[in-house]
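Peer 1:
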């Protein structure tokens, strides 16, 4: 009995495998493929329904004239600009401040001279035409002899110049800083002047004279 059952089972398996081998492969777009027909029939319907919805939304919105479209764009840009201004800090420029700044820019700048030699540091504030207003130096700050050209002497001279300006209540709308010489007090005076007052610096010039050939220099000192 067992042998007969095994023979029948093997025959049924062989018959099934032979049917699968003889069966023709079907393409996905063949006419006898029912699944392909269902998919192809469903896809156009879904696309058509989506197009119908878009057309309905388009018809529901009123058409805008070119003038209305430009007006809406300008309104959106204005709103965005107002939002940016509100997001930034409140220290913005108003028309009065801008007018004052333009008026100050049209005026000739005052001149702030820093003469830093190896013997002394002299700081002078002049009018636009060159006439001096206030002046200070390392010697006027209380330093003597070789100490007049030092870093501290230049710092004290710049501070003394600022004090004289405040005492005379001088209003300097804009300034042109002129540096001359490579003495040790050059950087000290410049830093003290820039940090001590709210200058509107228009220009910074280095007027140190540099000889092109020039005279024969003095013989170097032998140590």
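In the UniProt record's numbering, the protein residues as written are 1 to 223. Here a beta-carbon is modelled for each residue, glycine too, at the ideal position from N, C-alpha and C.
1. I need the straight-line Cα distance from residue 181 to residue 113, nearest angstrom please.
2. Is residue 136 closer than 8 Å to residue 170 when the C-beta atoms are compared?
3. Would you kindly check if the distance between the Cβ of residue 141 and the Cβ of residue 193 is under 8 Å?
4. Report the residue ranges of all beta strand (DSSP E) runs contained in full by the stretch 94-174; include only those spanning at least 3 residues, in chain order.
5. With C-beta atoms as the reference, is residue 197 less than 8 Å away from residue 154?
6. Smallest Cα separation from residue 121: which of 127, 109, 143 and 133?
7. Kindly examine the ligand FMN and report whether one of its heavy atoms sits closer than 7 Å to the Cβ of residue 75.
8. Could you round the C-beta distance between residue 109 and residue 174 to whole angstroms and report it? I think they count as a contact, below 8 Å.
9. Between residue 203 and residue 176, is the Cβ-Cβ spacing less than 8 Å?
10. Is it buried or exposed, residue 255, if we count other Cβ atoms within 10 angstroms and call 16 or more buried?
11. Quick check: residue 138 and residue 214, are their CB atoms within less than 8 Å of each other?
12. Please report whether the beta-carbon of residue 131 lies at a distance below 8 Å from any beta-carbon of chain D.
13. Could you compute how far the alpha carbon of residue 68 sits from the alpha carbon of residue 76?
14. Assign residue 111 to buried or exposed, taking buried as 16 or more other Cβ atoms, counted over all protein chains shown, within 10 Å of its Cβ.
15. Scan the stretch 183-209 and note each continuous alpha helix (DSSP H) run of 4 residues or more that stays entirely inside, going in chain order.
16. How is residue 180 classed by DSSP in three states: helix, strand or coil?
Peer 2: According to the structure data:
1. Taking the chain shown and counting its residues from 1, the one referred to as residue 181 is at position 181. Taking the chain shown and counting its residues from 1, the one referred to as residue 113 is at position 113. Cα to Cα, residue 181 sits roughly 11 Å from residue 113.
2. The count along the chain shown starts at 1 and reaches residue 170 at position 170. The count along the chain shown starts at 1 and reaches residue 136 at position 136. The answer is no: Cβ separation not under 8 Å.
3. Your numbering for residue 193 matches position 193 in the chain shown. Your numbering for residue 141 matches position 141 in the chain shown. For residue 193 and residue 141, no; Cβs fall outside 8 Å.
4. 110-116, 121-126 and 132-137
5. Within the chain shown, numbered from 1, the residue matching residue 197 stands at position 197. Within the chain shown, numbered from 1, the residue matching residue 154 stands at position 154. Not in contact: residue 197 and residue 154 (Cβ atoms no closer than 8 Å).
6. In the chain shown, residue 121 corresponds to position 121, counting from 1. With distances taken between Cα atoms, residue 121 lies closest to 143.
7. This structure lacks the ligand FMN, and indeed carries no ligand of any kind.
8. In the chain shown, counting from the first residue as 1, residue 109 sits at position 109. In the chain shown, counting from the first residue as 1, residue 174 sits at position 174. Right, their Cβ atoms sit about 4 Å apart.
9. Stepping through the chain shown from its first residue, residue 203 is reached at position 203. Stepping through the chain shown from its first residue, residue 176 is reached at position 176. Cβ atoms of residue 203 and residue 176: closer than 8 Å.
10. There is simply no residue 255 to check, as the chain begins at 1 and stops at 223 in what is shown.
11. The residue given as residue 138 occupies position 138 in the chain shown. The residue given as residue 214 occupies position 214 in the chain shown. No, the pair does not count as a contact, with Cβ atoms beyond the cut-off.
12. This model lacks chain D altogether, as it is built from one protein chain only.
13. In the chain shown, residue 68 corresponds to position 68, counting from 1. In the chain shown, residue 76 corresponds to position 76, counting from 1. Cα to Cα, residue 68 sits roughly 12 Å from residue 76.
14. Residue 111 sits at position 111 when you count from the first residue of the chain shown. Counting Cβ neighbours within 10 Å, residue 111 comes out buried, since at least 16 surround it.
15. 186-196
16. Looking up residue 180 in the chain shown gives position 180. Note: residue 180 maps to strand in three-state DSSP.
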